[in-house]
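Undergrad: Chains as they are written, first to last, in the working numbering: chain A, 1 to 152; chain B, 1001 to 1081. Even for Gly, the Cβ is constructed at its ideal location relative to N, Cα and C. One structure, as structure tokens, below. Some questions next.
So, in structure tokens, the structure goes:
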């Protein structure tokens, strides 16, 4: 009886799609060049998709030689889920932001505030604008306020 | 937690805490329920102020994955001379 070969393309394609998804938060999101437009992940999905398609073709077109008629559709669904949810996240989810129409604009004075720093000392915007970083320097030419999402 | 991060990373700038999102609201940057545990957080934004406290440059990103790059901010900062 013929021993059918393991359909490696099916599995490699699937794994690349998984990697396409998982590598974004752990690797590519750390660098603006691959974070802003996740082209590296799109590439992984593309190569994974092609390999998977070739594997699927083997599974159903060369059934005597290759396995994968059951694994194929299952892995294919999972791969599509990975690619689909990735696209949903980067094309839609991360753009769901409030309008913030009341945010201060260019030309307006930034609203004053006093907030605790990491040593629980109160820091006012006024002090940030007027106090130099060290005693030998002039007062700052400006202040950059960065609001972030709390954890990144 | 922020203090440990600042120490390890060697940040020299001020890291401020807004636990009740008061300043976040004052700047209209509240993003309700968007935190990991459903807390209210800020939507990302950067404001460059000149020495008199007037805003000279604002970045209200449309996608929270995409933030202003340091080069962009430095370019805007050049105008503050």
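How long is the line joining the alpha carbons of residue 1055(B) and residue 147(A), rounded to whole angstroms?
TA: Residue 1055(B) and residue 147(A): Cα-Cα distance of roughly 15 Å.
Undergrad: Ordered along the chain, which non-local residues of its own chain (more than five positions away) have a Cβ less than 7 Å from that of residue 104(A)?
TA: Result list for residue 104(A): 110, 111, in chain order.
Undergrad: Residues of chain B with a CB under 9 Å from the CB of residue 137(A): which are they?
TA: Going along chain B, no residue has its Cβ under 9 Å from residue 137(A), so there is no contact; the nearest lies around 12 Å.
Undergrad: What first and last residue would you give for the beta strand (DSSP E) that runs through residue 142(A)?
TA: That run of the beta strand (DSSP E) goes 142 to 147.
Undergrad: If you measure between the beta carbons of residue 143(A) and residue 1053(B), is that distance less than 9 Å?
TA: Yes, Cβ-Cβ distance for residue 143(A) and residue 1053(B) is below 9 Å.
Undergrad: Take residue 1018(B) as the anchor and find which of 128(A), 130(A), 123(A), 127(A) has the nearest alpha-carbon.
TA: The shortest Cα separation from residue 1018(B) among 128(A), 130(A), 123(A), 127(A) belongs to 123(A).
Undergrad: In chain B, what lies closer than 7 Å to residue 30(A) by C-beta?
TA: Here the premise fails: no neighbours, minimum Cβ distance about 12 Å.
Undergrad: From 1039(B), 1036(B), 1058(B), pick the residue whose C-alpha is nearest to that of residue 1046(B); which is it?
TA: Answer by Cα proximity: 1058(B).
Undergrad: Can you give me the start and stop residues for the alpha helix (DSSP H) that residue 82(A) sits inside?
TA: Here the alpha helix (DSSP H) through residue 82(A) covers 71 to 91.
Undergrad: Near residue 1043(B), what residues of its chain come up, given a Cβ to Cβ distance below 6 Å and the 5 sequence neighbours on each side ignored?
TA: Excluding residues within five positions, the ones whose Cβ falls inside 6 Å are 1029, 1031.
Undergrad: Give the single residue among 128(A), 89(A), 84(A) whose Cα lies nearest to the Cα of residue 1051(B).
TA: The option with the nearest alpha carbon to residue 1051(B) is 128(A).
Undergrad: Beta strand (DSSP E) containing residue 115(A): first to last residue?
TA: It spans 114 to 116 - the beta strand (DSSP E) in which residue 115(A) sits, taken as one unbroken run.
Undergrad: Would you kindly work out how many angstroms separate the C-alpha atoms of residue 83(A) and residue 28(A), rounded to a whole number?
TA: Whole-angstrom Cα-Cα distance: 16 Å.
Undergrad: Give me the DSSP bridge partner(s) of residue 1057(B).
TA: Partner(s): 1048(B).
Undergrad: Between residue 1075(B) and chain A, is any beta-carbon pair separated by less than 9 Å?
TA: Not closer than 9 Å to any Cβ of chain A, the Cβ of residue 1075(B) fails to qualify, so no.
Undergrad: Along the alpha helix (DSSP H) that carries residue 47(A), what are the first and last residues, could you check?
TA: Note, residue 47(A): alpha helix (DSSP H), 39 to 61.
Undergrad: From this set, 69(A), 41(A), 13(A), which residue's C-alpha is nearest residue 26(A)'s C-alpha?
TA: Measuring from the Cα of residue 26(A), the nearest candidate turns out to be 41(A).
Undergrad: Relative to the C-alpha of residue 64(A), which candidate in 75(A), 118(A), 6(A), 120(A) has its C-alpha closest?
TA: Here the closest residue by C-alpha is 6(A).
Undergrad: Assuming residue 139(A) and residue 130(A) are in contact, meaning their beta carbons sit under 8 Å apart, how far apart are those beta carbons, in whole angstroms?
TA: That pair is a contact at about 6 Å.
Undergrad: If contact means a Cβ-Cβ distance below 7 Å, which residues of the segment 1043 to 1077 of chain B contact chain A?
TA: Going along the segment 1043 to 1077 of chain B in chain order, one finds 1043, 1044, 1045, 1046, 1047, 1048, 1049, 1050, 1051, 1053, 1054, 1055, 1056, 1057, 1058, 1060, 1062, 1063, 1064, 1065, 1066, 1069, 1073, 1077 with a Cβ nearer than 7 Å to chain A.
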